[in-house]
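Participant: Pasting a structure here, questions to come.
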Amino acid sequence: MPEPSNYKLIGAVIEASVANDWYSAVREWEIVDMEEDERCEQGCVCGHEHLRYLFTLRNRLNGNELYPIGNICIKKFERDDLDSELRARMQAIKLAQTANALGTGGQVELKGGSFTRDLINYMRDEGAFPDNKYNYWDGDNDGRFLLDMFNKRGDLTERQGKKVYAVIRNAVYPWLRGVWRDTHNGQAPRF
Ligand SMILES: [Zn+2]
Numbered sequence: 002m003p004e005p006s007n008y009k010l011i012g013a014v015i016e017a018s019v020a021n022d023w024y025s026a027v028r029e030w031e032i033v034d035m036e037e038d039e040r041c042e043q044g045c046v047c048g049h050e051h052l053r054y055l056f057t058l059r060n061r062l063n064g065n066e067l068y069p070i071g072n073i074c075i076k077k078f079e080r081d082d083l084d085s086e087l088r089a090r091m092q093a094i095k096l097a098q099t100a101n102a103l104g105t106g107g108q109v110e111l112k113g114g115s116f117t118r119d120l121i122n123y124m125r126d127e128g129a130f131p132d133n134k135y136n137y138w139d140g141d142n143d144g145r146f147l148l149d150m151f152n153k154r155g156d157l158t159e160r161q162g163k164k165v166y167a168v169i170r171n172a173v174y175p176w177l178r179g180v181w182r183d184t185h186n187g188q189a190p191r192f
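Per this note's numbering, residue 2 is the first one in the sequence shown, and the count goes up by one each step.
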């Protein structure tokens, strides 16, 4: 890692960690928050300016926080678990942006390019699908259904299409509004 920004990142991480070496220190951190700043006014702990996506990392051992830190620097931790969470959170915010651009006049399509297998599984893990009588009081039936329909080759039947629409409307959208508010300082979305 030869660039000066990498030394700044290494310094900031080690300073806030229990371990004194980079490879042990990076294991101590988890993602606890993410924000989108459309005006890109803040800079990363590495010195890189104009972050659009601002993450907060928290140290599991001493409770220290690193903020703001950008997605590029989180990738430098080279941890598969952080990378997959980062990817899922980025996909979730992109889905929220798509929904926001469509507004109340439309709805994001399952196969329109905004959903991925990982994102649907992330939503399942995050409890996006609430239990109700339509899913026999097991919300994950809806999560699994959405995944099956996403993976299905060829057209959905009319019945499947209607159910997909309803699950996106009644489970994905409320969850996505929460994602939007969490990442935009409580600001209400346009969807
Ligand atoms: Zn950075």
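No residue lacks a Cβ here, since even glycine has one placed at the ideal position from N, Cα and C.
With DSSP as the reference, identify every bridge partner of W30, one or two as the case may be.
Facilitator: N60
Participant: Just curious, the alpha helix (DSSP H) that Y135 is in, first and last residue?
Facilitator: It is not in any alpha helix (DSSP H) - Y135 carries neither H nor E in the DSSP assignment.
Participant: Could you name the residues, in chain order, whose CB is less than 7 Å away from a heavy atom belonging to ligand 1?
Facilitator: Any heavy atom of ligand 1 counts here; residues with a Cβ closer than 7 Å to one of them, in chain order, are S6, L10, C45, V46, C47, H49, I70, G71, I73 and C74.
Participant: Whose CA, out of H49, Q108, D81 and R178, lies closest to the CA of R28?
Facilitator: Here the closest residue by C-alpha is D81.
Participant: Please state whether DSSP places L87 in a helix, a strand or coil.
Facilitator: Looking at L87 - three-state DSSP - the assignment turns out to be helix.
Participant: Over what stretch of residues does the alpha helix (DSSP H) that includes E66 continue unbroken?
Facilitator: In this chain, E66 is not harboured by any alpha helix (DSSP H); it is covered by the beta strand (DSSP E) spanning E66 to I70.
Participant: Helix or strand or just coil, what does DSSP make of L52?
Facilitator: strand
Participant: What does the alpha-carbon distance come out to for the pair G140 and N122?
Facilitator: 13 Å
Participant: Is the segment 104-122 in contact with the segment 67-76, if contact means three or more CB pairs nearer than 8 Å?
Facilitator: Taking a contact to require three or more Cβ pairs closer than 8 Å, the segment 104-122 and the segment 67-76 do not qualify as touching.
Participant: Expressed to the nearest angstrom, what Euclidean distance is found between the alpha-carbon atoms of F146 and V173?
Facilitator: 13 Å
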